[in-house]
Structures are given as structure tokens and as C-alpha cells.
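Below: the structure, in C-alpha cells.
Numbering (UniProt numbering), first residue to last: 1 to 127.
The following block contains the structure:
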């Protein structure tokens, strides 16, 4: 992971990720990174979350730096996952990689399906 900035999470997302790790839903490498990030994360109330931070109910446009492909998705809670409608769980590989980061960040992540390198191009609130 090349960034050293601290991520910003709502308390709910913080707890969700911690639980996800505890239930061993991630690789050992991801677990180490996530626990490290959570330790340094800034926790805020939902209403205090800056608009350019990747979180649930945010429309995120990002570029996969490996394929140069751009994608726009809405990150949602795991129970609202609808891939067909581009509503992706925040606990998906991309969600876990980008959550808490902001517009303009490039995130490198050791996902199960191979290393990800994602550039966050735009983050918007979903009405």
C-alpha cells in the first residue's frame, strides 16, 4: 500500500469492516492492511463525512490503472448488493480497497483476484 494518509470512516462502516475481518472474509494480507488502516482511521458521524470520501451511498467513478478502464458504481451495504444495477457492496474487493479514501487518491490493494490499482476520479452523494 503506497499511501500513508489516514482513511476517514463512519463509525458504522468501521464496525462493519472490523466484523468482516473478524469473520475471516479477507485474505491474511488484506487483514493485516485493514487492521493497520482501521487503527489509524478517523471515525466520524455520517453527517460529518466529507463529500469526497468513498463510503456507502456514494457514487464513485474510478479508473483501474491496470486495464485503464473507467467504472462508475454506487457502494452500498452488503445486504443491498445489486451488481446488475452497479450497486456494489462496500465489502467487495473494490469497496474494501477504496473505502475511506477520497477523490484523487490512487489506491493499491492486494485483492483475492489479484492486485488492484485504482484511481478515484469522482465521488458523489447519492440522493
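Cβ atoms here follow ideal geometry from the backbone N, Cα and C, with glycine treated the same way.
- Assigned with DSSP and collapsed to three states, residue 14 falls in helix.
- By the Cβ rule, the stretch 34-44 does not count as touching the stretch 106-126, because fewer than three pairs are nearer than 8 Å.
- In this structure, the CA atom of residue 127 is about 22 Å from the CA atom of residue 92.
- Taking one beta carbon from each stretch, the stretch 7-27 and the stretch 82-89 have fewer than 3 pairs nearer than 8 Å; the two do not touch.
- Secondary structure at residue 114: strand, using DSSP grouped into helix, strand and coil.
- Runs of the beta strand (DSSP E) spanning 3 or more residues and lying entirely within the stretch 13-63 occur at 42-44, in chain order.
- Remark: C-beta atoms of residue 44 and residue 66 do not approach each other more closely than 8 Å.
- The three-state reading of DSSP puts residue 103 in coil, since its state is none of H, G, I, E or B.
- Look at residue 92 here: in three-state DSSP terms it is coil, with no helix or strand label.
- DSSP links residue 122 through a beta bridge to 61.
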